[in-house]
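Notes follow the structure.
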Amino acid sequence: MIDSPSMRVPNRINIRSRTDLKKDATPSPGPVAPTTSKMRASRLDGLDLLRGAVMVLMVLDHTRDYFGDATVNPTDLATTTPALFLTRWVTHFCAPVFALLAGAGAYLAGARGRPRAGLAWFLATRGLWLIFLEVTVVRLGLFFDLVSPPIILTVLWSIGASFVALAGLCFLPSRVVGALGLLLIATHGLADRFPPGSDAPSMIRAAYTILLRPGFLPVPGGVAMLVGYPLLPWLGVVAAGYGFGELAGLDPGRRPRVMAALGLLLMASFVGLRAWGMYGEPRPWEEGATPALTALSFLNCTKQPPSPLFVLMTLGPAILGLAAADRFGVRAPAGRALVTLGRVPLFYYLLQWYVIHGLAVLYGLARGLPVGWLFSAAALDRPPPGWTLSIPELYVAWAIVVAILYLPCRWYAGFKSRHPGGWLSYL
């Protein structure tokens with residue numbers, strides 16, 4: 001998930017009077033909330049805090065990719081350990097929160113005076129830009145190689161393509177867009193009942209992979225494309241986020257209570273539906289040999305494509321945390337640091353690939369281990385013997401990466417605040 005994995009609202013947006021809005025032939029997609037600048041700053045700080053928190057968690061997962069064994073499935077309960085499972089599970093919050101905040105940011109950009117036609121243009125161009133970055137800058141950071149197959153489409157592709165779709169949907173009322181998003185989240189699992197057979201036309205099978213289920217896709221020239229994030233399930237989360245953005249316009253005394261109630265409702269729904277076991281998750285939970293393994297099985301929901309229960313499990317606590325930030329504000333130094341990161345998510349997202357991958361190369365050289373494999377698509381394959389860090393060592397490496405990322409992100413956040421708008425709104 002953006003000014004990266006999730007779109008951040010531009011720093012300066014003209015807020016017009018209600019009379020001006022009535023005169024506008026292309027009204028904004030939502031109500032303009034008559035808030036003071038202090039209220040507005042508090043609201044955006046909460047969004048940036050949540051975004052920054054999941055960005056830090058995201059780096060934990062990507063650090064594990066390069067300093068662990070990327071071929072090991074940490075959520076396979078037959079082979080994993082509780083520490084490895086939870087190290088992976090906690091990063092599950094990242095993609096859904098990125099997508100939700102991307103949709104909320106799109107709503108807020110329109111609700112603060114941008115005409116719908118202008119919002120549609122911004123979303124379409126930004127979406128195409130994110131897709132371009134996915135197959136160029138992100139790919140180079142992943143593999144230090146631009147030419148070897150496969151082409152990989154992951155989070156930036158899914159949010160970028162969702163923005164392109166949202167460029168059309170933003171002409172609808174925000175509640176309609178939000179309802180469409182919830183419908184996609186709740187029903188995309190029906191696609192499993194009607195998978196295209198091997199004899200189906202290639203265009204049908206390609207559409208099924210791009211839109212509904214992850215997989216490999218042949219493209220002209222014999223190059224394989226891996227669709228890691230199918231569009232429609234993630235578009236559902238982005239569109240739901242667009243509807244969720246309307247909550248940001250509520251009275252600041254009421255907004256935290258509404259968000260807290262929503263977060264608790266989502267969490268309770270997850271527990272109830274997961275225990276029932278009849279809807280929302282294709283992978284049933286099982287009683288393990290120990291209560292801990294049973295709990296891990298209960299939490300082990302499907303990310304790709306995101307099952308309805310996966311979305312409930314991740315977004316419920318996230319929205320509850322957002323309500324707490326909105327209610328109590330962001331005062332602690334650690335919280336302010338997360339807000340700083342959350343203000344430059346795309347810059348952070350692109351930079352972290354190069355920092356983590358570059359540190360992996362230095363790590364291999366320092367230990368006398370082969371590093372040639374890090375300059376190809378094998379960079380996310382099985383590492384050479386003696387490479388993998390232990391879980392405690394992995395957390396140390398994660399902390400080092402975050403510390404390295406913070407200073408350039410703090411500089412860029414300041415630079416961006418001094419030079420708002422223009423091309424910087426795309427980075």
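Once you know that position 133 of the sequence shown is 133 in UniProt numbering, the rest is easy, because the numbers rise by one and skip nothing.
For glycine and all other residues, C-beta sits at the position ideal for the given N, C-alpha and C.
Just so we're clear, the structure is a prediction, and the values are computed from it rather than from any experiment.
{"Query": "Cα separation between residue 62 and residue 312?", "Result": "24 Å"}
{"Query": "Give the DSSP-derived three-state secondary structure of residue 217 in the structure shown.", "Result": "strand"}
{"Query": "So, at 7 Å on beta carbons, what are the nonlocal neighbours of residue 82 in its own chain, with the 5 sequence-adjacent residues on each side left out?", "Result": "292 and 296"}
{"Query": "Should residue 348 be labelled buried (16 or more other beta-carbon atoms within 10 Å of its own) or exposed?", "Result": "buried"}
{"Query": "Run through the DSSP bridge pairs and tell me what residue 151 is partnered with.", "Result": "225"}
{"Query": "Would you identify the three-state DSSP class for residue 327, choosing helix, strand or coil?", "Result": "helix"}
{"Query": "Inspect the beta-carbon positions of residue 341 and residue 67 and report whether they are closer than 9 Å.", "Result": "no"}
{"Query": "Answer with buried or exposed for residue 418, where buried requires no fewer than 16 other C-beta atoms within 10 angstroms of its C-beta.", "Result": "exposed"}
{"Query": "For residue 376 and residue 143, I'd like the C-alpha separation in whole angstroms.", "Result": "5 Å"}
{"Query": "Name the residue from 302, 412 and 421 whose alpha carbon lies nearest to the alpha carbon of residue 96.", "Result": "302"}
{"Query": "Following the continuous alpha helix (DSSP H) through residue 233, name the residue where it begins and the one where it ends.", "Result": "231 to 244"}
{"Query": "If you drop the 5 nearest sequence neighbours on each side, which residues of the same chain put their C-beta closer than 8 Å to that of residue 320?", "Result": "259, 260, 263, 264 and 267"}
{"Query": "Measure the C-alpha to C-alpha separation of residue 89 and residue 299 and round it to an integer number of angstroms.", "Result": "8 Å"}
{"Query": "Starting from residue 89, trace the alpha helix (DSSP H) both ways and give me its first and last residue.", "Result": "82 to 89"}
{"Query": "Start and end of the alpha helix (DSSP H) containing residue 203?", "Result": "202 to 211"}
{"Query": "Using 10 angstroms around the beta-carbon of residue 192, count the other beta-carbons present and answer buried if the total reaches 16, otherwise exposed.", "Result": "exposed"}
{"Query": "With DSSP as the reference, label residue 173 as helix, strand or coil.", "Result": "coil"}
{"Query": "Can the beta-carbon of residue 225 be found less than 9 Å from the beta-carbon of residue 216?", "Result": "yes"}
{"Query": "Can you tell me where the alpha helix (DSSP H) with residue 357 in it begins and where it stops?", "Result": "345 to 367"}
{"Query": "Can you tell me where the alpha helix (DSSP H) holding residue 95 begins and where it ends?", "Result": "94 to 111"}
{"Query": "Please confirm whether residue 182 and residue 172 have their CB atoms less than 9 Å apart.", "Result": "no"}
{"Query": "Relative to the C-alpha of residue 160, which residue among 184, 366 and 124 is closest?", "Result": "124"}
{"Query": "Answer yes or no: do residue 109 and residue 122 have a C-beta to C-beta separation smaller than 9 Å?", "Result": "yes"}
{"Query": "I believe residue 52 touches residue 339 by the beta-carbon criterion, under 8 Å. Please report the beta-carbon distance rounded to the nearest angstrom.", "Result": "6 Å"}
{"Query": "Can you grab the Cα-Cα spacing for the pair residue 130 / residue 276, in whole Å?", "Result": "39 Å"}
{"Query": "Quick one: grab the DSSP three-state call for residue 371.", "Result": "coil"}
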